[in-house]
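Chains as they are written, first to last, in the numbering used here: chain A, 41 to 833; chain B, 4 to 184.
Just so it is clear, CB atoms sit at the ideal spot from N, CA and C, and this is done for glycine as well.
Note that this is a predicted model, so its numbers are computed, not measured.
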Amino acid sequence: MPEKLFRHVGKSPTRSEAIEKVSGRANYVFDLEFPGMLYAKVLHSPYAHAEILSVDLSEAKALTGVKAILTGEDLPYLLGLYMLDKGILARGKVRYIGEPVVAVAAIDLRTAEKAISLIKVDYKVLPAVLTIDEALKGEILVHKDINDLEYVKNVFFPQPDSNIASWNKAIKGDIKQGFAEADVIIENELSLPAVAHVPLETHVAIAKADPFTKRVEIWTSSQSPFGVRQMLAKALGISQGDVRVVVPHIGGGFGGKAGIHLEPLVVVLSRAARGKPVKIIATREEEFSQLPSRAAMRGRVKTGVKYDGKITASEITFDWDSGAYADYGVNVGRAAQYSGAGAYEIPNLEINSRTLYTNKVYSTAYRGFGHLETHWVIERQMDLIAQALKMDPYEFRMKNILREGSVTISGEIINQYSGRPDQCLAAVAKEIGWTGYRSKEEREVSFKTGKVRGKGIACLQKAPAMPSNTATSALLQFDADGNVRVMIGAIDMGQGAMTVMEQIAAEVLDMPLEKVRVSSETDTDKNPYDWSTVASKYTFMGGKAVTRGAMDMLSQMKEVASQILRCPVDELTHGQEKIFIRQNPHKAVSYQDIAMGYLYDNGNSIGGPIIGRGVYIAEGLTFLDPDKGQGLPALDWTFGAHGVELEVDVETGEVQILKISSAFDVGKAINPKLCEGQIIGGVLQGLGSAFMEGFKFSAEGRLLNPSFMDYKIPTSQDIPTIVVPILIENPQADGPFGARGVGEHPMISVPSVIANALYDALGINFYELPLSSEKIALAIARSEAEHKEPLSE
Amino acid sequence: MCENQSQHGPQEHCSTYIDSQQPRVFLSCWVNGEIISAQIDPMITLLNFLRQGLKLLGTKEGCGEGECGACTIIMNGEAVNACLILAVEAQDAEITTVEGLSTGGQLSILQSEFVSQDALQCGFCTPGMLMSARALLDRTLDPTDPEIKEAIAGNLCRCTGYSPIIAAISSTAKKEREERK
Ligand code: FES
Ligand code: FES
């Protein structure tokens, strides 16, 4: 594609909401108050699995200031994104420690807390399902009624009388044959614990239910206002028009705010409190232990390869310890079905991905869902195979990497517009000066200095996971002075959607950026529909919708200008905020003069307010066939790679990242600075998963680290010395200006690249996350003891 | 949207934490250059007094237990976690919140540098981050990178990866140094 000159696209204007945010004026739901507002608190289950025998509310009800108390028995509603398996409060049974059992709304938080402390619940404790193997055994069922649950058919596959919420399969070629052709077969097991999203603003929601009608209004820190509207309407049996969902700024999401969480609870409390507004703010502890996390996972992988490094077959089983409710978890499992082999061409393959119910806090989408996890398995396995073959892992990857003409595991053919994982890998390898694994001798020499260095590489891919009819829309309107207001349905949680959409609208309309503004609050009563702000899909889909909306404005303006200028539409063009005759540019009419309708000197007027409409619906996607997972699951793949150089202190096991370079084929960076922001931030989140984050549970299933004291996330002291983002631009033919999404991708494969580099440094392979310094120091000590010499293979 | 937001000054009602049945104590302090006098619940935290009482909503809460820095303000020249301090401890104190960083409708250099370096994404950590940075720069206009990292080590940010924040603080120091000359 010839390089076009753009006025706004490819530039990096500052984010449009930045001033609000640095001045402290940006409103979050956490900041909102309404007159007469009540505050809600919930009572949590102390047991992982128990029957609720009785609830005594008498004392709590008698407390002055308590306006509503509800238990699961009052709320015969079932919620779920893909499986209707969750009540608003536990009904009959509790399924994890932390599950809300009773909810109170009171005039202030203290009263609500007091009321909670006065509630008595009798439980009959049941044996719990706390591990993947217990879940698979199926002797105890988390959902006894699994056979009767309503779910999305042909996409998810719950197994009867089991804890398997969904079993998704991919079959390509013939693995028997593939393994028969292999010279070497390598099997490994890798795992990682559940982790938390940790948005700085915890989940918070306010609801106001009109006591005289079915109308409910909700203000929520959510990534999916339209999803909340739809699911809530369905659960309560009211129309979607009865539900208004408003989302102002949100303090981080990362997927954790993509489903429906606290919203239904405040709605029913507000109804019970005769329409008073009710607010609930999750405490940090609740954010960890009540609200959903990223699932733990165990991957078992068996790969057949030729001596020359060509992969012949791969068989992978992913088991997701997904907690008590399906939520997004089943879709995370499904992502492994079409993306679980990484950015490689595998001729013969079988993937089994099982999303399992367990009696732990449930899981949901988390930035790049499923992919950091599956890539932990795949990208480690790539290095482990290279080690077994005594091959350079770079060459080994390059031998198998997806290229034009390759067939993905779901049968999609990679074409010239699909992006180039090989270029990403080459770019990071060059950036870190990759020359292959160090030799044993080199390791031994540096070991004596007390600090050893190692380098690693890893690839990644992700496509947006979405229903095949995912849609979005945009409305663009002129103000009378010729400024443009763009209304979208997406949420800007810091990724910069507003800014990017402003750039795109201003580009298409050829206007100054300052004259285009995207509204920063999304209100389902006013803004046009968007499915959900997830999956790194918005630049692509929203970009298309805004482009179309802006083009719609241009064609409406040309219609009017054609009359004013007495010239056929096809002779007209635009620029400098004017519509003009191509051949005769001084014959022009300004946007401003047409914006609200054109007024002739004699008082006649024509046209009318210009309102552009742009929609986009995912094109050409198919359901995956249920037995083999073949089909077209996603719009676009964004490929990427990381290269890292790190230094390990052999005494303490502490690791310093000297340099991490991350390359992504973004097609076209609409705003390079925002892309780089996603990369720098995402990489550090990935380093959190790599080094420090992970839920720990007691034998009873209690989360042991539900606070920042015990659950550390990276601080300014944990950052890499250098991060080098690399943006590669092989345009996506159908992307807006060629762009693809990149919001989630930077954290994928970060743990893998770290463990790969640790092998290079230490000659030790790690199979479990997180790679804490204690774990590393212990492994070094063990390796020394075993070999009586440091760092042998 | 929030009917109470534009009002200023301590309020009797509309507060989650000011319990009308509690005894009151008298508090007087300086907040963003204005003298404040109020009857307050002796158990209210400074964070809640600022947010609920004074309606200064810029200061955020991310944990309520001193572990995230979202509530950082400057009190008598020190960056402190307002969620850990009782409002009564602020007797006669001089307090600056994010709302006090800019004057006369002009962003301060620090705020402008956060904007131009893209040192924020969701923005929820930003007010606290700015206050930790301000306290550092009030001590020294020549901070080293390790000093900057140390100054914001108690401020969690899940979005930015910190590097743009460090860059913004460092460029602010430079600009403020030049301005002083
Ligand atoms: S809210 Fe004060 S430190 Fe987290
Ligand atoms: S910008 Fe979101 S937490 Fe820092």
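Cβ of residue i within 8 Å of any chain B Cβ
i, result
"A:GLY717", "yes"
"A:VAL318", "no"
"A:LEU176", "no"
"A:GLY292", "yes"
"A:VAL238", "yes"
"A:SER63", "yes"
"A:ASP71", "yes"
"A:THR404", "no"
"A:PHE748", "yes"
"A:GLU542", "no"
"A:LYS51", "no"
Supposed close pair residue i, residue j - CB separation, criterion 8 Å
i, j, result
"A:LEU698", "A:ILE788", "21 Å between Cβ atoms; not a contact."
"A:PHE358", "A:THR414", "6 Å"
"A:THR510", "A:TRP571", "5 Å"
"A:VAL268", "A:SER262", "6 Å"
"A:LEU686", "A:ILE794", "7 Å"
"A:ILE159", "A:VAL142", "5 Å"
"A:ALA108", "A:LEU276", "Actually they do not touch by this definition, with Cβ atoms about 16 Å apart."
"A:VAL283", "A:PRO332", "Rounded, the Cβ-Cβ distance is 22 Å, inconsistent with contact."
"A:SER14", "A:TRP677", "This structure gives no information on residue 14 of chain A, because the portion of chain A shown stretches from 41 to 833."
Closer than 7 Å: residue i CB and nearest ligand 2 heavy atom
i, result
"A:CYS499", "no"
"B:THR129", "yes"
"A:GLY534", "yes"
"B:CYS160", "yes"
"B:GLY61", "no"
"B:GLY157", "no"
"A:CYS607", "no"
"B:GLN124", "yes"
"A:GLY726", "no"
"A:LEU309", "no"
"A:LEU240", "yes"
Within-8 Å CB hit, residue i to chain A
i, result
"B:THR163", "yes"
"B:GLU102", "yes"
"B:THR175", "no"
"B:VAL34", "no"
"B:ILE112", "no"
"B:THR19", "With a pLDDT of only 40 at B:THR19, under 50, the local geometry of the prediction cannot be trusted, and no value is derived from it."
"B:THR129", "yes"
"B:ALA156", "yes"
"B:CYS74", "no"
"B:GLU15", "Confidence is the limiting factor: at B:GLU15 the pLDDT is only 34, short of 50, which leaves the residue's position unreliable and the question unanswerable from this model."
"B:GLY67", "yes"
"B:PHE117", "yes"
"B:LEU30", "no"
"B:PRO146", "no"
"B:LEU60", "yes"
"B:ASP121", "yes"
"B:GLU70", "yes"
"B:PRO26", "no"
"B:ILE98", "no"
"B:PRO45", "no"
"B:LYS152", "yes"
8 Å Cβ cutoff met for residue i and residue j
i, j, result
"A:GLN725", "B:LYS152", "no"
"B:ILE146", "A:GLY717", "Sequence check: residue 146 of chain B is Pro here, not Ile. Contact: no."
"A:ASP367", "A:MET337", "no"
"A:ILE418", "A:LYS212", "no"
"A:PRO786", "A:GLY722", "yes"
Heavy atom of ligand 1 within 7 Å of residue i beta-carbon
i, result
"B:ASN84", "yes"
"B:CYS66", "yes"
"B:ALA73", "yes"
"A:GLY408", "no"
Residue i: CB within 7 Å of a non-hydrogen atom of ligand 4
i, result
"B:GLY69", "By its list of ligands, the structure shown excludes ligand 4, since it contains just ligand 1 and ligand 2."
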